[in-house]
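Presented below is the structure to which this report refers.
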Amino acid sequence: MNADIRKTKERDFESILAVINDAAGAYRGVIPADRWREPYMRRDELRQEMACGVDFWAMFDGESLLGVMGMQDKNDVSLVRHAYTITTLQGQGIGARLLHHVRSLSNKPMLIGTWAAASWAIGFYEKHGFKMVSPAEKNRLLGKYWSIPQRQVETSVVLADSAWMDTYGQEDAAQPVVGDGRQLRKPRPSRRHDQHRR
Ligand SMILES: CC(C)(COP(=O)(O)OP(=O)(O)OC[C@H]1O[C@@H](n2cnc3c(N)ncnc32)[C@H](O)[C@@H]1OP(=O)(O)O)[C@@H](O)C(=O)NCCC(=O)NCCS
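Written out as structure tokens, the structure reads:
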């Protein structure tokens, strides 16, 4: 894939929104029903996120946007926000390249929040060295660094990089939350090497 990573510009706004709402389809039927919305991200919410300092980097193939990852600077930490690869291209390394890129932009400890039920996303971050913090620490961190409703706090997890874990979390690292019995793992597409379908 002949693609490169660039910081997004205003003209990319609609493409970012489209990628998020396409990729967020993975949550349908997985996250709690009361947290699912159609579309998942509204235009005004994305505007608000950007106004609050979420900067997006994206993988482009020419002018086509294939995946996005936001980063938000929050005092002593950096947050990875809104990481999405278009559905047909997931599992090809775009997320890994974007994560590597945004990590290279910050020397602060890095935190990521995601749905507890999004086992594939948790696996993705764990594969890149992030570890889940304990439920108590998650509640504290989501309250301190995020602006999300209480219900979202209850249904989310936080993963931290080794810089954060080394400083604050070693004894507090939690085992992954298994969930409540629903099928948590999204079936993985068996199209990893099928370039035509991606
Ligand atoms: C999570 C996400 C951003 C990762 O991006 P990506 O481009 O698929 O990531 P990569 O290809 O670099 O890594 C794939 C890894 O992610 C996981 N993964 C997540 N979704 C996957 C999918 N549909 N197909 C294959 N692997 C998937 C696997 O652990 C995989 O690891 P492996 O390659 O060792 O099998 C992307 O899958 C996505 O948009 N998912 C839906 C939305 C979401 O969960 N966003 C996270 C918000 S915090």
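Those letters in the sequence shown? Residues 322 to 519, per the numbering used here, in order.
Yeah, the Cβ is synthetic: ideal placement off N, Cα and C, and Gly gets one too.
These numbers come from a predicted model, not from an experiment.
{"Asked": "What separation, rounded to the nearest whole angstrom, lies between the Cα atoms of Thr329 and Tyr489?", "Found": "33 Å"}
{"Asked": "Locate the alpha helix (DSSP H) running through Arg424, then write down its first and last residues.", "Found": "Ile415 to Ser425"}
{"Asked": "Would you kindly work out how many angstroms separate the C-alpha atoms of Arg461 and Arg356, rounded to a whole number?", "Found": "21 Å"}
{"Asked": "Look at the Cβ atom of Asp382, then the Cβ atom of Asn323, and state whether they are nearer than 8 Å.", "Found": "yes"}
{"Asked": "In chain order, what residues of the same chain lie with their CB nearer than 8 Å to the CB of His422, ignoring the 5 residues before and after it?", "Found": "Ile326, Trp378 and Met390"}
{"Asked": "Starting from Ser385, trace the beta strand (DSSP E) both ways and give me its first and last residue.", "Found": "Ser385 to Lys395"}
{"Asked": "Taking Leu338 as part of the beta strand (DSSP E), name the residues at either end of that continuous run.", "Found": "Run containing Leu338: none in the beta strand (DSSP E); it sits in the alpha helix (DSSP H), Phe334 to Ala344."}
{"Asked": "For Arg363, which three-state DSSP category applies?", "Found": "coil"}
{"Asked": "To test your reading of the DSSP string, which unbroken alpha helix (DSSP H) runs of 4 or more residues are found completely within the stretch 423-468?", "Found": "440-448 and 456-466"}
{"Asked": "Looking only at its chain, what residues have a beta carbon closer than 6 Å to the beta carbon of Pro360, apart from the 5 residues adjacent to it on each side?", "Found": "Asn342"}
{"Asked": "Take Asp394 and list the residues in its own chain whose beta-carbon comes closer than 7 Å to its own, dropping the five residues that flank it on each side.", "Found": "Gly374"}
{"Asked": "Helix, strand or coil for Arg472? Go by DSSP, reduced to three states.", "Found": "helix"}
{"Asked": "Could you tell me which residues DSSP pairs with Met380 in its beta bridges?", "Found": "Ile326 and Gly388"}
{"Asked": "Are Ile415 and Gly388 close, meaning C-beta to C-beta below 8 Å?", "Found": "yes"}
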